[in-house]
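K.L.:
Residue numbers (this note's numbering): 36 to 190. We treat Cβ as the ideally placed atom computed from N, Cα and C, and that holds for glycine. Because the structure is a prediction, the values reported are computed rather than measured. Pasting a structure here, questions to come.
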Ligand SMILES: CC(C)(COP(=O)(O)OP(=O)(O)OC[C@H]1O[C@@H](n2cnc3c(N)ncnc32)[C@H](O)[C@@H]1OP(=O)(O)O)[C@@H](O)C(=O)NCCC(=O)NCCS
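Written as structure tokens, this is what we have:
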């Protein structure tokens, strides 16, 4: 999956130290630490990472659930991020991974979640709207480099 992102020119897994040195176990340890709120970088909140698997082994996509918002996430990042690997897009998996992550959010006790996407990310906007997202507003986001749509989904 990492190689596929690189070949597609998407830099999602670049500059991740454990992946660059091929230490998958260390990467998973860090994800577990992130979920437990251990050794977090400053300004990070605890977040859980989920893989969408086919046949129990092929990773189709990844989602991240931030356990709560901070000032930065409230403006830009929201509670949930997700991505489907390039070769597996347009098969409904993006819609599925958000639905499954919403279940995880509900199980954590969240009542509603903020989900954001760039206004020109047609696929992501469609996924969020299909999943019950109500548009709060559209803002210009300096860190995202464009107009950002911010939606709330009631759980
Ligand atoms: C956005 C992303 C997760 C979509 O994943 P996906 O598996 O292709 O999504 P789905 O197959 O569930 O498609 C959802 C909807 O978007 C539409 N869609 C998907 N790709 C599209 C595209 N490139 N252009 C226009 N519409 C598109 C689908 O037709 C579908 O609409 P429908 O339900 O009306 O048929 C995927 O493109 C991705 O990982 N992109 C990079 C990371 C990213 O943008 N993440 C979201 C950050 S907010």
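1) Check whether the Cβ atoms of residue 114 and residue 125 sit closer than 8 Å, and answer yes or no.
2) Along the chain, where does the alpha helix (DSSP H) that runs through residue 64 open and close?
3) Who does residue 84 pair with in a DSSP beta bridge?
4) Is the distance from the Cβ of residue 111 to the Cβ of residue 151 below 8 Å?
5) Who are the Cβ neighbours of residue 176 in its own chain at under 6 Å, not counting the five residues just before and after it?
6) Return the first residue and the last residue of the alpha helix (DSSP H) that residue 40 is part of.
7) Is residue 180 helix, strand or coil by DSSP?
8) If you count every other CB in all the chains shown that lies within 10 Å of the CB of residue 97, and 16 or more means buried, which is it?
9) Determine the direct distance from the alpha carbon of residue 154 to that of residue 181, and round the result to whole angstroms.
10) Between residue 118 and ligand 1, is there a pair consisting of the residue's CB and a ligand heavy atom that are separated by less than 7 Å?
11) Assuming residue 140 and residue 190 form a contact by the criterion Cβ under 8 Å, report the distance between their Cβ atoms to the nearest whole angstrom.
12) Any idea what DSSP makes of residue 118, helix, strand or coil?
13) Between which two residues does the beta strand (DSSP E) holding residue 151 run?
14) From 38, 134, 188 and 85, pick the residue whose C-alpha is nearest to that of residue 63; which is it?
15) Rounding to the nearest angstrom, what Cα-Cα distance links residue 41 and residue 148 in this structure?
P.N.:
This is what the structure gives:
1) For residue 114 and residue 125, no; Cβs fall outside 8 Å.
2) Following the DSSP letters along the chain, one finds residue 64 inside the alpha helix (DSSP H) bounded by residues 59 to 71.
3) The beta-bridge partner set that DSSP reports for residue 84 consists of 99.
4) Yes, the Cβ-Cβ distance between residue 111 and residue 151 is below 8 Å.
5) Closer than 6 Å at Cβ, skipping near neighbours: 111 and 183.
6) Per DSSP, residue 40 belongs to the alpha helix (DSSP H) from 37 to 42.
7) Residue 180 falls in the coil class under three-state DSSP.
8) Buried.
9) C-alpha separation (whole angstroms): 8 Å.
10) Checking the Cβ of residue 118 against ligand 1 gives yes.
11) Separation of the CB atoms of residue 140 and residue 190 is rounded to 6 Å, and the pair is thereby assigned contact status at 8 Å.
12) Residue 118: strand per DSSP, three-state reduction.
13) Taken as a continuous stretch (DSSP letters only), the beta strand (DSSP E) holding residue 151 covers 147 to 153.
14) Out of 38, 134, 188 and 85, 85 has the C-alpha closest to the C-alpha of residue 63.
15) Those two C-alpha atoms are separated by around 30 Å.
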